[in-house]
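Here the sequence shown stands for residues 6 to 603, numbered as in this note's numbering.
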Amino acid sequence: MASDKTSESPQQPQPPSPPDDPPKPGRARKPLRRWVRWLRAGGVTLLLLLVVGAVGLSGAEYYTAQPDFCASCHIMGPYYDSWSHDIHGRKLGVRCVDCHYAPGERFTVMAKFKGLSQVASYFSGRYGAGRPRAHVSDASCLRSSCHGDGDYLAKRLAIGEPRREVRLIAPGQEVEVMRNPTVHFYHEKHLDVGQRLSDVHGDIEQRTARLRSELPADLFDQAVALSRSVAPAERRRREFESFVVAHGLSGRAAEDLAQLVDLEHRRIRLKHLEGLNCAACHSFDESGKNHLAVSTTTCFTCHFINEDFNRNTGECLRCHEAPTRAVWVHDQPAAHGSVLMDHQEIVRRGVDCASCHADVLRGEAVVTERDCIRCHDQDRYLKDFATRTTETVAEYHAVHVAGQRAHCEDCHHVIEHGLLAAKQPAVEAGFLEPVLGDCKHCHPNHHSEQVHLLTGTGGAGLAQTTPSAMLGSRLNCRACHTHAAQDIKGDALLAATSRACIGCHSEDYGVLFEQWRSEIATYLQEAESRLLQVEQIVERRATQGRPLPAEMAVLLAEARENIRLVRIGGGIHNRFFALQLLDAARSKLDRVEHAAGG
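Structural data, given as structure tokens:
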């Protein structure tokens with residue numbers, strides 16, 4: 006029983022058994038320590054990489070900034086060679102990056118992208134197809150350590166190099182002489198234009214105000230448009246003279262208009278100088294003698310474009326100094342013996358330089374639509390080209406020269422300037438050729454009336470132009486003037502006959518040609534008779550002390566010009582326009598006669 010009780014007694018609770026592997030105190034911190042060690046190692050490695058990278062970048066920056074690095078690219082060979090013996094490289098030690106990056110630009114992000122683009126261009130093969138285009142900012146030239154002191158502004162600089170020439174010092178005796186440059190340049194005359202531009206603006210405002218008070222509103226607008234023409238000087242002068250004659254301008258009004266034309270072109274030239282940058286004149290010297298040189302083509306373009314010989318900006322003594330040494334002239338082929346000629350005396354007498362040196366200018370610095378199309382292949386860029394004025398040209402220069410750093414020869418044709426030969430030009434250079442081909446020198450307005458009729462322009466009293474139909478077919482003078490004839494002096498010329506019409510049309514046009522010519526002759530004779538009748542009335546009125554009102558005097562002058570245009574120009578050049586001019590003339594004469602009380 007005892008055993009049973011014992012077996013039935015309640016069991017005592019047992020203590021919990023310990024875990025199989027109890028955790029050690031430091032084991033939980035081991036992963037943290039491992040991360041710390043990795044971070045330390047990574048930080049040290051990153052620091053070392055940064056140090057090595059900084060040293061590498063610094064070294065690369067230093068190395069790539071050296072001119073020798075630029076020369077490692079084969080396309081830079083000519084530029085490095087010219088730099089190495091130029092004053093900038095040989096004497097002053099100026100590096101490529103000192104000029105080709107503006108102050109503060111070299112370490113910018115944009116500069117780095119510029120360098121990367123050059124590397125990409127090199128490895129992609131885009132380099133080598135042409136000359137690389139580089140630009141030097143004015144800020145690089147004018148930094149304090151270079152030309153920032155402004156001393157260059159007033160410095161007298163000789164243009165050109167001394168050269169040897171063969172001169173005749175006595176009849177039959179030649180000697181080789183050293184000729185020094187006779188042209189000198191001052192920067193301040195070309196850069197300090199603010200006051201001169203302001204003065205010209207003031208003069209333009211004064212002349213414009215006077216013309217506004219002297220001319221009717223429509224004539225004033227035409228006069229202003231005439232002053233802003235960008236035609237060559239000879240054509241501008243012809244248009245001015247025709248305008249004065251056609252509208253019977255008074256002496257003062259004609260003088261004011263002449264001055265306005267001159268002032269407007271002076272203004273536009275000063276405006277070009279105002280936006281000039283150093284690189285416009287100082288560019289790479291392709292001869293290799295220097296790294297930079299002034300292209301005299303730039304000088305010739307600015308001074309001679311749209312100017313008469315030895316006039317205004319093209320005046321010889323504006324740049325040249327007359328030689329002080331007397332020279333022998335009248336050598337062969339002249340039959341007489343040589344004589345001494347003193348340039349100083351010739352200048353004092355006012356003899357025009359063109360008398361002997363008309364051959365020193367060759368070519369015209371024109372710009373054509375074809376020149377524009379090389380860069381602009383869309384019509385919208387050329388919409389204002391045909392009707393461009395001085396204002397349009399000023400905008401062109403502001404965009405291309407000041408804004409895009411274009412050079413003159415990028416757009417303008419080249420003008421050559423210089424003696425063809427210093428010795429015996431009549432034999433060796435054919436110095437008469439330029440003047441033999443320049444008919445306009447002796448005949449400044451020759452054929453201008455025919456051109457006005459063909460183009461349907463000129464005259465007065467017509468609302469719109471009426472060009473000849475033949476002009477639209479691109480026929481020029483040679484198409485009709487094919488028949489050998491003589492003028493009243495017996496000189497040979499080519500005349501126009503009805504056979505030229507038949508060649509392109511039919512036999513009927515031969516008859517039509519004669520009918521038109523007869524019709525125009527009849528109308529012209531009637532208009533001239535009417536003009537004579539009205540002029541007699543006006544003359545009688547003047548003798549009675551009753552001068553014609555100014556408005557009627559203008560109408561009379563315009564009628565006279567219309568009739569003259571048809572008479573001299575030959576109405577057959579544009580029958581329809583010629584008849585319109587004569588009708589307008591008769592209408593004006595009727596008004597004048599009515600006002601004169603005839």
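All residues carry an ideal CB built from backbone N, CA and C; glycine is no exception.
- Per the coordinates, the alpha-carbon of VAL180 lies some 6 Å from the alpha-carbon of VAL171.
- For LEU498, the uninterrupted beta strand (DSSP E) run begins and ends at 497-501, by DSSP.
- In the displayed model, GLN491 falls within a strand according to three-state DSSP.
- Boundaries cannot be given for ALA107, as no beta strand (DSSP E) includes it and DSSP labels it neither H nor E.
- For ALA298, the enclosing beta strand (DSSP E) stretches over residues 297-299.
- Apart from the 5 residues on each side of it in sequence, GLY464 sits with its Cβ closer than 6 Å to the Cβ of ASN567, LEU570 and LEU586 in its chain, given in chain order.
- The stretch 366-381 makes contact with the stretch 407-417: 3 or more CB pairs, one atom from each, lie closer than 8 Å.
- Distance from the CA atom of LEU498 to the CA atom of ALA403, rounded to whole angstroms, is 47 Å.
- Runs of the alpha helix (DSSP H) spanning 4 or more residues and lying entirely within the stretch 345-375 occur at 348-353 and 359-362, in chain order.
- Annotation: the continuous beta strand (DSSP E) that includes PHE289 extends over 287-289.
- Excluding sequence positions up to five before and after GLU219, its CB lies within less than 6 Å of the CB of ALA258, all in the same chain and listed in chain order.
- The Cβ atoms of ASN481 and ARG243 lie no closer than 8 Å to each other.
- By the neighbour-count criterion, in which a residue is buried when 16 or more other Cβ atoms sit within 10 angstroms of its Cβ, LEU52 is exposed.
- Residue pairing by DSSP places PHE190 opposite LEU162 in a beta bridge.
- The Cβ neighbour count for HIS381, taken over all protein chains shown within 10 Å, is under 16; the residue is labelled exposed.
- DSSP, read as helix, strand or coil, puts ARG169 in strand.
- When DSSP states are grouped into helix, strand and coil, ARG184 belongs to the strand group.
- With the rule of 3 Cβ pairs closer than 8 Å, the stretch 220-231 does not count as touching the stretch 281-292.
- By the CB criterion at 8 Å, THR306 and CYS444 fall outside the cutoff.
- Per DSSP, SER149 is not a residue of any alpha helix (DSSP H), being assigned neither H nor E.
- Taking C-alpha positions only, VAL406 is separated from SER142 by approximately 13 Å.
- Checking the DSSP bridge columns, you'll see VAL332 partnered with MET346.
- Contact annotation: LEU560 and VAL516 have beta-carbon atoms that are not nearer than 8 Å.
- Annotated three-state conformation of GLU421 is strand, per DSSP.
- With respect to ARG161, MET183 sits apart: the two C-beta atoms are not nearer than 8 Å.
- The residue from GLU421, ALA251, ASP364 and PHE390 with its alpha-carbon nearest to that of ALA590 is ALA251.
- Per the C-alpha coordinates, the member of SER63, TYR127, ALA399 and GLN71 positioned closest to ARG274 is ALA399.
- A contact is defined here as three or more CB-CB pairs under 8 Å, and the stretch 232-246 meets this definition with respect to the stretch 383-397.
- For HIS402, DSSP records no beta bridge to any residue.
- By the 16-neighbour rule on beta-carbons within 10 angstroms, LEU37 is exposed.
- Per DSSP, reduced to three states, the secondary structure at HIS578 is helical.
- Look at the beta carbons and you see the stretch 142-160 touching the stretch 101-121: at least three pairs across the two are nearer than 8 Å.
- With 16 or more other Cβ atoms inside 10 Å of its own Cβ, ARG212 counts as buried.
- As a beta-bridge residue in DSSP terms, HIS325 pairs with VAL188.
- Of MET557, ARG565 and GLU563, the smallest CA-CA separation from ALA600 is found for MET557.
- Taking the Cα of HIS486 as reference, the smallest distance to any Cα among ALA505, GLY477, PRO472 and SER473 is reached at ALA505.
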